[in-house]
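**Q**
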Amino acid sequence: MKKPLLLLPLLSLPLLAGCINDAAAYRIDGRDHAISVSREQNFFWEKTVKFAVIAARLPDCQRIHLLNPAPRNTRVELWQPGPGTFVLKQGEAYFLTETQTCKGFQKLAAAPQEGLGDKVGVFEEKGDRFVFTPEPKPATPPAAAAEAVPAPATEPAATAPAAPAPTQQ
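Its first residue numbered 0, the sequence shown is counted upward by one per residue in numbering that gives the first Met the number 0.
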């Protein structure tokens, strides 16, 4: 009788295989200052997952705010309109949060009129992992790059001692 009961945990594994509980983080100033997005799905048959944003500036503050439930592969864009202020775009929904007190959180009716700010990156599923993909830095034009980086000082090249002149006999 005990042997069938031992198999029960193994038989329940397929039911748990579709569950999700993961997160990805955008580190602002090291690991203590970050915006993270987490996903949670308790049962594989659920069509949506629970999304949350975690605003953290340790040791001063850390708060979890719920985003909208959405399909598993939903991307969450991260924008920064100003220092310590962030806009998250999840589908057509916009959320505003901050890392000064971590308490500020608001679902916006539409995109901010003053704009979203600079795009920081996107939280997304790649393969079987949930990751933060930073926005690529704009390429610096060659002329601007030459102005930004000073030319290295030139040093006279080291010269090898001159070979002795051939002697005639």
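For each residue, glycine too, the CB sits at the ideal point set by N, CA and C. Since we're looking at a predicted model, the values are computed, not measured.
1) Kindly identify the DSSP beta-bridge partner or partners of aspartate 21.
2) Distance check for leucine 77 and leucine 65, CA to CA, integer angstroms please.
3) Restricting to Cα atoms, I'd like to know which of Thr98, Ile19, Ala69, Tyr93 is closest to tyrosine 25.
4) Would you tell me roughly how many angstroms separate the C-alpha atoms of phenylalanine 50 and serine 37, rounded to the nearest one?
5) Could you check the C-alpha separation between alanine 33 and glutamate 124 for me, to the nearest Å?
6) By alpha-carbon positions, which one of Asp59, Gln89, Gln61 ends up nearest to threonine 73?
7) Taking the runs of the beta strand (DSSP E) that are 3 residues or longer, which of them lie wholly in the region 78–103?
8) Would the region 100–109 count as touching the region 51–62 if we require 3 or more Cβ pairs under 8 Å?
9) Starting from the Cα of valine 130, find the closest Cα among Pro80, Arg71, Gly116 and give me that residue.
10) What's the C-alpha gap between glycine 79 and alanine 69?
11) Going by the beta-carbon positions, is the gap between leucine 57 and aspartate 28 smaller than 8 Å?
12) Between the alpha carbons of proline 135 and alanine 54, how many angstroms are there, rounded?
13) Between which residues of its own chain and isoleucine 19 is the CB-CB distance below 7 Å, once the five residues before and five after are set aside?
14) Residues bridged to leucine 107 by DSSP?
**A** The short version:
1) Within the sequence shown, residue 21 is the residue found at index 22, counting from 1. For aspartate 21, which the question treats as bridged, DSSP gives the partners Arg38.
2) To locate residue 65, count along the sequence shown from 1; it is residue 66. To locate residue 77, count along the sequence shown from 1; it is residue 78. Rounded to whole angstroms, leucine 65 to leucine 77 spans 15 Å at the Cα level.
3) On the sequence shown, position 26 is the one that residue 25 refers to. Distance from the Cα of tyrosine 25 is smallest, within the candidate group Thr98, Ile19, Ala69, Tyr93, for Thr98.
4) Here the question's residue 50 lines up with position 51 in the sequence shown. Here the question's residue 37 lines up with position 38 in the sequence shown. Taking the straight line from one Cα to the other gives about 6 Å.
5) Counting from one through the sequence shown, the residue named residue 33 turns up at place 34. Counting from one through the sequence shown, the residue named residue 124 turns up at place 125. C-alpha separation (whole angstroms): 19 Å.
6) Numbered from 1 along the sequence shown, position 74 holds the residue referred to as residue 73. It is Gln89 whose Cα lies nearest to the Cα of threonine 73.
7) As far as the region 78–103 is concerned, its whole beta strand (DSSP E) runs of at least 3 residues are 84–89, 92–97.
8) By the Cβ rule, the region 100–109 counts as touching the region 51–62, because three or more pairs are nearer than 8 Å.
9) By 1-based counting over the sequence shown, the position of residue 130 is 131. Of the candidates Pro80, Arg71, Gly116, the one whose C-alpha sits nearest the C-alpha of valine 130 is Arg71.
10) In the sequence shown, counting from the first residue as 1, residue 79 sits at position 80. In the sequence shown, counting from the first residue as 1, residue 69 sits at position 70. In the sequence under discussion, the amino acid at residue 79 is glutamine, which differs from the glycine named in the question. About 23 Å.
11) Reading the sequence shown from its first residue, position 58 is the one you call residue 57. Reading the sequence shown from its first residue, position 29 is the one you call residue 28. Not a contact, by the Cβ cut-off of 8 Å.
12) Sequence index remark: in the sequence shown, residue 135 carries index 136 (1-based). Sequence index remark: in the sequence shown, residue 54 carries index 55 (1-based). Whole-angstrom Cα-Cα distance: 23 Å.
13) In the sequence shown, residue 19 corresponds to position 20, counting from 1. Around isoleucine 19: Arg38, Glu39, Gln40, Val48, Arg71.
14) Position 108 of the sequence shown holds residue 107. According to DSSP, which records beta bridges pairwise, leucine 107 is partnered with Tyr93.
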